[in-house]
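Only one structure is covered here, and it is reproduced in the block below.
Protein chains: 2
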Amino acid sequence: MTARSTDTKQEIIRIGKSLIRMYGYNAFSYADISKELNIKNAAVHYHFRGKEDLLAGILDNYMEEYQQLGKHLQASSLTALQKLEKFIERYSTLAECNCICIIGSVASDYNTLPESVKEKTTQLIGLAVSMIEKILLEGKRKGELHFEESARTRTLLLLTNLAAGVQLARISGKKDYDAIRKAAISQLK
Amino acid sequence: MTARSTDTKQEIIRIGKSLIRMYGYNAFSYADISKELNIKNAAVHYHFRGKEDLLAGILDNYMEEYQQLGKHLQASSLTALQKLEKFIERYSTLAECNCICIIGSVASDYNTLPESVKEKTTQLIGLAVSMIEKILLEGKRKGELHFEESARTRTLLLLTNLAAGVQLARISGKKDYDAIRKAAISQLK
DNA sequence: GGAAAAACTTACTAAGTAGTCAGTTTCAGG
DNA sequence: CCTGAAACTGACTACTTAGTAAGTTTTTCC
Numbered sequence: 001m002t003a004r005s006t007d008t009k010q011e012i013i014r015i016g017k018s019l020i021r022m023y024g025y026n027a028f029s030y031a032d033i034s035k036e037l038n039i040k041n042a043a044v045h046y047h048f049r050g051k052e053d054l055l056a057g058i059l060d061n062y063m064e065e066y067q068q069l070g071k072h073l074q075a076s077s078l079t080a081l082q083k084l085e086k087f088i089e090r091y092s093t094l095a096e097c098n099c100i101c102i103i104g105s106v107a108s109d110y111n112t113l114p115e116s117v118k119e120k121t122t123q124l125i126g127l128a129v130s131m132i133e134k135i136l137l138e139g140k141r142k143g144e145l146h147f148e149e150s151a152r153t154r155t156l157l158l159l160t161n162l163a164a165g166v167q168l169a170r171i172s173g174k175k176d177y178d179a180i181r182k183a184a185i186s187q188l189k
Numbered sequence: 190m191t192a193r194s195t196d197t198k199q200e201i202i203r204i205g206k207s208l209i210r211m212y213g214y215n216a217f218s219y220a221d222i223s224k225e226l227n228i229k230n231a232a233v234h235y236h237f238r239g240k241e242d243l244l245a246g247i248l249d250n251y252m253e254e255y256q257q258l259g260k261h262l263q264a265s266s267l268t269a270l271q272k273l274e275k276f277i278e279r280y281s282t283l284a285e286c287n288c289i290c291i292i293g294s295v296a297s298d299y300n301t302l303p304e305s306v307k308e309k310t311t312q313l314i315g316l317a318v319s320m321i322e323k324i325l326l327e328g329k330r331k332g333e334l335h336f337e338e339s340a341r342t343r344t345l346l347l348l349t350n351l352a353a354g355v356q357l358a359r360i361s362g363k364k365d366y367d368a369i370r371k372a373a374i375s376q377l378k
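So this is what it looks like as structure tokens:
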């Protein structure tokens, strides 16, 4: 909104995060960002030399977000199930605004991403997986959650249900996402 | 390869199908197709007036493919589990060539697709879902497969595991896809 | 208040995009 | 063999893209 503010860089990332989940890496442009911020596209280039630098910034931001969420959940007094539901809530929010998750977005566009950021996508997924894995293990230990496969495999099953669930929700509607969400949770109880 | 052949139109669709699963709708161009076929981009426009017509052709082709597969499986003497594995095999092939499935591809790019083809994506997913649903129902009836949720919900769980599974495989490797595949099948036994 | 650094604009480039149209080649059928 | 339709080429357009360079405004801090 207000140009020439000290947090333009953060605003660019904020809008970039939204655009990449809404349209994907190849379908948004510097013009989309500069228009929304009422600045010129050269100003965006001032903060992020190239599109791959912007993508790197966006991914770094998501990693901080995930790490913060992980710490927050770990320090909380919630049950494992409640922690899991807190995480899943993020996806429910996405399903409501026709967005897909950042993981599904970069995974879909992976073959077109600049080499310099591919490694970051691996790290991001690693963060998300280990966060869920910890919650599942805690839940199993405390007898709150039940599953037979390894915690990692269970994590992958849940994460793919959610990631593709919000993708599907765009086309076949939010009801399908809700069915997936409920079934995925009840499988773990 | 050979230009001026009578099946240029089919060749365009063949290459388009590959490109859309490899890079997504927004990341391939008429130039990619014309180069591979050694023809000019105007020739591609001769067969498909615009990119949205090409996408429509690609989706129609996938629908035929699914319908044919559905009939073929129904007429076969395979067990429900074997039918399911035949379907899942398609995804394993995708995971090996860094491709994602057409459903995940159009779902990821959905917000950027021309309005005229959005309906077709709904139909395509409907076809895939009902095909798997039938197999699951048959398996349950014959006592070969076991699940508590509705067949449709079970179908959605499986389809999302597979669709996001091949997406994830691009980044974190094929091992994760294999773990998902095995777990998803054994859940139904 | 003045200098230096940060933030931004103006004005541009080069490349790639889908798409058009007039003309040429190829091919099938009478 | 000739004609007409189908398939394709050559040469273009209008537009969008990421990206750059030089100059201007704003902010910070001594």
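Chains as they are written, first to last, in our numbering: chain A, 1 to 189; chain B, 190 to 378.
Glycine residues also receive a C-beta, built at the ideal position from the N, C-alpha and C atoms.
Source: prediction; values computed, not measured.
Go ahead and pull the three-state DSSP assignment for residue i.
i               : result
glycine 362/B   : coil
threonine 2/A   : Bear in mind that the predicted position of threonine 2/A carries a pLDDT of just 34, short of 50, making it too unreliable to give a figure here.
serine 218/B    : coil
glutamine 257/B : helix
tyrosine 23/A   : coil
asparagine 41/A : helix
leucine 188/A   : coil
serine 77/A     : coil
arginine 238/B  : coil
aspartate 196/B : coil
Taking the straight line between their C-alpha atoms, what separation do you get for residue i and residue j?
i                  : j                   : result
arginine 210/B     : isoleucine 289/B    : 5 Å
glutamate 308/B    : tyrosine 299/B      : 11 Å
leucine 136/A      : serine 223/B        : 50 Å
serine 172/A       : lysine 206/B        : 22 Å
isoleucine 374/B   : histidine 261/B     : 21 Å
alanine 169/A      : glutamate 115/A     : 30 Å
lysine 134/A       : threonine 155/A     : 9 Å
alanine 27/A       : phenylalanine 217/B : 12 Å
glutamate 65/A     : leucine 59/A        : 10 Å
phenylalanine 87/A : glutamate 148/A     : 22 Å
threonine 310/B    : arginine 141/A      : 43 Å
isoleucine 204/B   : tyrosine 219/B      : 11 Å
leucine 124/A      : isoleucine 314/B    : 29 Å
tyrosine 366/B     : alanine 231/B       : 40 Å
histidine 236/B    : leucine 84/A        : 51 Å
glutamate 278/B    : arginine 370/B      : 10 Å
With a Cβ-Cβ cutoff of 8 Å, do residue i and residue j count as a contact?
i                : j               : result
leucine 81/A     : leucine 145/A   : yes
glutamine 263/B  : leucine 316/B   : no
valine 166/A     : tyrosine 91/A   : yes
alanine 179/A    : threonine 349/B : no
valine 129/A     : leucine 55/A    : no
serine 294/B     : glycine 213/B   : yes
lysine 363/B     : glutamate 285/B : yes
isoleucine 103/A : alanine 163/A   : yes
Using beta carbons (cut-off 8 Å, strictly below), is residue i in contact with chain B?
i                : result
methionine 63/A  : no
methionine 131/A : no
arginine 90/A    : no
arginine 170/A   : yes
isoleucine 58/A  : no
isoleucine 102/A : no
arginine 181/A   : no
Could you check whether the Cβ of residue i sits closer than 8 Å to any Cβ belonging to chain A?
i                : result
asparagine 300/B : yes
glutamate 304/B  : no
asparagine 287/B : yes
alanine 192/B    : Low confidence applies to alanine 192/B: its pLDDT is 39, below 50, so where it sits in the model is not reliable enough to give any reading.
glutamine 271/B  : no
Quick one: is the Cβ of residue i within less than 7 Å of any heavy atom of the ligand FAD?
i             : result
alanine 179/A : The model on display carries no ligand, and the ligand FAD is accordingly not part of it.
In chain order, what are the residue ranges of uninterrupted alpha helix (DSSP H) at least 4 long that sit wholly in the segment 88-164 of chain A? 102-108 and 115-141
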